[in-house]
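Here you go:
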């Protein structure tokens, strides 16, 4: 009998330890990048001779459930003279970014790249996914294209007024890989807004979405897996990434995507395209500076 009780105790302890490890690993999704604006300000070490680049946004910028293209850009040979700040926070909408601009402005970057809007659009194109986002529930205004346009315009206006930075707006990535889906048609509307704000505000428009579409067309993959079941795929991807340690590309392949992991987040192929857009943006401004 003692052996039975002892065995039960051991099993319960193992279950408790396994559960603790599971939740500890899963909670890593909330850890901010080590080069976030607050950390930069607290450490106060701007690298001598380097220009400062701040990249602002949500999940795609944060770069733990999505490929970290900010770190990718920083590693590129042509970007050796730049120091990068990652101001991405998972779940962020344009409204959330607007609320936390103070730290970015305090860093006084030379360049700012913005990629935000997927969580705004999710309210319409992926309502189940959106309901999981606590930040959306806390917003005063229900997310919509008009609300997004207003907030993105305010973000750009404030950054232009309170920094000397050159600003680039990345177009939103595809959602699912069926380019003819209602979800991607909705994203097209968001990207038209981004393009309009870039033009009116005299900042750079960086055609990230267009490059992703061109890649899919080149692969003959324009009617790939849609955004259907994105919530389940996202929950599964979080577990596979943070509990089992799967790479984003492995998750992507298991789900049948070429560019995405779960229909909303980037694998390395897509992420490297975003990094390349940042690289081109910086090069273009370098050339302008010496002309």
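Residue numbers (my numbering): 700 to 990. Note that the Cβ used here is the ideal one computed from N, Cα and C, for glycine as well.
Tell me the rounded alpha-carbon separation between residue i and residue j.
| i | j | result |
| --- | --- | --- |
| residue 772 | residue 783 | 8 Å |
| residue 933 | residue 880 | 19 Å |
| residue 789 | residue 760 | 8 Å |
| residue 845 | residue 785 | 27 Å |
| residue 905 | residue 983 | 11 Å |
| residue 952 | residue 887 | 25 Å |
| residue 936 | residue 949 | 10 Å |
| residue 882 | residue 736 | 32 Å |
| residue 791 | residue 918 | 31 Å |
| residue 991 | residue 794 | The structure shown does not extend to residue 991, since the chain is modelled only from 700 to 990, so the question has no answer here. |
| residue 854 | residue 916 | 33 Å |
| residue 884 | residue 748 | 44 Å |
| residue 985 | residue 976 | 14 Å |
| residue 921 | residue 956 | 11 Å |
| residue 803 | residue 741 | 13 Å |
Which residues does DSSP list as the beta-bridge partners of residue i?
| i | result |
| --- | --- |
| residue 783 | 752 |
| residue 903 | 867 |
| residue 734 | Paired residue(s): none; residue 734 is not in a bridge. |
| residue 810 | 752, 865 |
Can you name, in chain order, every residue of its own chain whose Cβ lies under 8 Å from the Cβ of residue i, other than the five neighbours on each side?
| i | result |
| --- | --- |
| residue 965 | 759, 765, 766, 768, 872, 947, 958, 959, 973 |
| residue 989 | none |
| residue 909 | 870 |
If we count the other Cβ atoms within 10 Å of its Cβ and call it buried at 16 or more, is residue i buried or exposed?
| i | result |
| --- | --- |
| residue 848 | buried |
| residue 663 | The chain is shown from 700 up to 990; residue 663 falls before or after that span and cannot be answered. |
| residue 889 | buried |
| residue 943 | exposed |
| residue 720 | In this predicted model, residue 720 has a pLDDT of only 39, less than 50, meaning its place in the structure is not dependable; the value taken from the coordinates is given anyway. So residue 720 counts as exposed. |
Check whether the Cβ atoms of residue i and residue j lie closer than 8 Å to each other.
| i | j | result |
| --- | --- | --- |
| residue 877 | residue 805 | no |
| residue 902 | residue 851 | no |
| residue 743 | residue 818 | no |
| residue 752 | residue 796 | no |
| residue 821 | residue 911 | no |
| residue 816 | residue 787 | no |
| residue 800 | residue 858 | yes |
| residue 893 | residue 870 | yes |
| residue 777 | residue 978 | yes |
Once you ignore the five residues that flank residue i on each side, which residues in its own chain have a CB closer than 6 Å to its CB?
| i | result |
| --- | --- |
| residue 827 | 930 |
| residue 750 | 781, 809 |
So, for residue i: in the same chain, excluding its five sequence neighbours on each side, which residues have a beta-carbon less than 7 Å away from its beta-carbon?
| i | result |
| --- | --- |
| residue 823 | 885 |
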